[in-house]
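**Student:** Just so you know, we're using this note's numbering here: the sequence shown kicks off at 37 and counts up by one.
Yeah, the Cβ is synthetic: ideal placement off N, Cα and C, and Gly gets one too.
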Amino acid sequence: MVAKEIASIESAARRSVCLTTRYDSGVTHPGKECAVAIELTCTSFSFPLLSFETSLKAIALLDIPRYDIGAHEGGSHIQPSEVEAQPGQVADRIRRAGDAAGLTASDFFPTFGHGFRDRPVNTPDGAKATANVARFRAIVACAKAVGARGITLLPGVTWHDIGHERSFELSARGLRTLVPIAQDAGLRLSIEAHLESVADTPALAARLVDQVPGLGLTLDYSHFLAGGSDLAEIHRLVPLARHFHARQANPASLQAGSRDGTLNFTDIVGRLRASGYSGDVCVEYTWQDWRDCWHQDVVSESILLRDILRRTLV
37 MVAKEIASIE
47 SAARRSVCLT
57 TRYDSGVTHP
67 GKECAVAIEL
77 TCTSFSFPLL
87 SFETSLKAIA
97 LLDIPRYDIG
107 AHEGGSHIQP
117 SEVEAQPGQV
127 ADRIRRAGDA
137 AGLTASDFFP
147 TFGHGFRDRP
157 VNTPDGAKAT
167 ANVARFRAIV
177 ACAKAVGARG
187 ITLLPGVTWH
197 DIGHERSFEL
207 SARGLRTLVP
217 IAQDAGLRLS
227 IEAHLESVAD
237 TPALAARLVD
247 QVPGLGLTLD
257 YSHFLAGGSD
267 LAEIHRLVPL
277 ARHFHARQAN
287 PASLQAGSRD
297 GTLNFTDIVG
307 RLRASGYSGD
317 VCVEYTWQDW
327 RDCWHQDVVS
337 ESILLRDILR
347 RTLV
């Protein structure tokens, strides 16, 4: 039943896909998603104490036109297990919420399980890896049905019993399986290289993207800056970016406010534009315990960053 539902969603989505798009080469390709101007988007999980529907209304009140859907088991409004069980019903809920708020979907950002260590893309457990592929097919169908432009996944973790290099190889292998599934639906697949992941430095992030044909990067400067990388290293990742997460940070804090953050987003967005970037820019302030990302006023900081980004994108 679920397989039939996924097939039905994919069929309907194909009928609504635009005829051409521009990729990095400048060549147009039939049957893929349309190229659009850079727009602002905001994560639904920025407001975890609100319902999913109300969080989208909050994004609309911030005058941000698009939204990114977080689907993290037990930790956000949309549950990956529910997406797998009933992709059509979950897609309907997301669409209705977006329509009611007057917003357009940008990116679908799931985990496969609880947090980034449960069922990551590089799980060494064969049964879990197979289950992840089945779940991903439902996620792709749901993301396509709600009109998202792409999907962001996490790159996996280092398993200490097998070491970093083998863990990295498992990430590349797992992602090579998933990229064609997303591409067949006309969706971008990218990874957010993050602190405590198998790709937690700019060099490792670039290496992983290089080893997986068709994979892009959801670039978030904050993870690399807080991890000790200098800006020159991070800037080199800009040509790999297919989606972008923006929030202030500094070398001591993954998430910072406008007064103690050290990132120059006017410069960064200029670099994105110079590289030919055609994705969206997501305001991604969060309110969570991990890495003490609960000290900031999410609403005020989102507005301040929105205004900087808006001026730069004009």
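Closer than 8 Å, CB to CB, is S338 near chain C or not?
**Tutor:** The structure shown contains no chain C, having only a single protein chain.
**Student:** I want to know whether the segment 209-218 touches the segment 287-305 - three or more CB-CB distances under 8 Å.
**Tutor:** No, the segment 209-218 is not in contact with the segment 287-305.
**Student:** Could you please give the first and the last residue of the uninterrupted beta strand (DSSP E) stretch that includes A221?
**Tutor:** A221: not part of any beta strand (DSSP E); DSSP gives it neither H nor E.
**Student:** When the Cα atoms are used, what is the spatial distance from V334 to G312?
**Tutor:** 30 Å
**Student:** Where are the beta strand (DSSP E) runs, 3 residues long or more, that stay fully inside the segment 275-340, in chain order?
**Tutor:** Runs of the beta strand (DSSP E) inside the segment 275-340: 277-282 and 317-319.
**Student:** Alpha carbon to alpha carbon, how far is G138 from P101?
**Tutor:** 8 Å
**Student:** Is the beta carbon of E109 sitting closer than 8 Å to the one on T140?
**Tutor:** no
**Student:** Report all residues from its chain with a CB closer than 8 Å to the CB of V193; omit the five preceding and five following residues, and keep chain order.
**Tutor:** F152, R153, P156, N158, S203, E232, S233 and V234
**Student:** Just the C-alpha distance for L308 and C318, rounded to the nearest angstrom, thanks.
**Tutor:** 13 Å
**Student:** Using a 10 Å radius around the Cβ and a threshold of 16 neighbouring Cβ atoms, would you call R132 buried or exposed?
**Tutor:** R132 should be labelled exposed.
**Student:** Within the continuous beta strand (DSSP E) that includes T237, where are the two ends?
**Tutor:** Run containing T237: none; DSSP gives neither H nor E here.
**Student:** Let's see if you can read the secondary structure: which residues bound the beta strand (DSSP E) around T166?
**Tutor:** Taken as a continuous stretch (DSSP letters only), T166 belongs to no beta strand (DSSP E), being part of the alpha helix (DSSP H) at G162 to A181.
**Student:** According to the neighbour-count rule (16 or more other Cβ atoms, all chains shown, within 10 Å of its Cβ), is A365 buried or exposed?
**Tutor:** Not covered by the structure: residue 365. The range shown for the chain is 37 to 350.
**Student:** Can you tell me the Cα-Cα spacing of S142 and A170, whole angstroms?
**Tutor:** 23 Å
**Student:** Around the C-beta of D246, are 16 or more other C-beta atoms found within 10 angstroms, so that it is buried, or is it exposed?
**Tutor:** exposed
**Student:** Return the first residue and the last residue of the beta strand (DSSP E) that S142 is part of.
**Tutor:** That run of the beta strand (DSSP E) goes T140 to P146.
**Student:** Among L190, D266 and A221, which residue has its Cα nearest to the Cα of P238?
**Tutor:** D266
**Student:** Alpha carbon to alpha carbon, how far is E269 from L240?
**Tutor:** 11 Å
**Student:** Can you say whether S61 is buried or exposed, counting buried as having 16 or more other CB atoms within 10 angstroms of its CB?
**Tutor:** Low per-residue confidence applies at S61: pLDDT is 30, beneath 50, and the placement is therefore not dependable, though the value from the model is reported in the following sentence. The C-beta of S61 has fewer than 16 other C-beta atoms within 10 Å across all chains shown, which makes the residue exposed.
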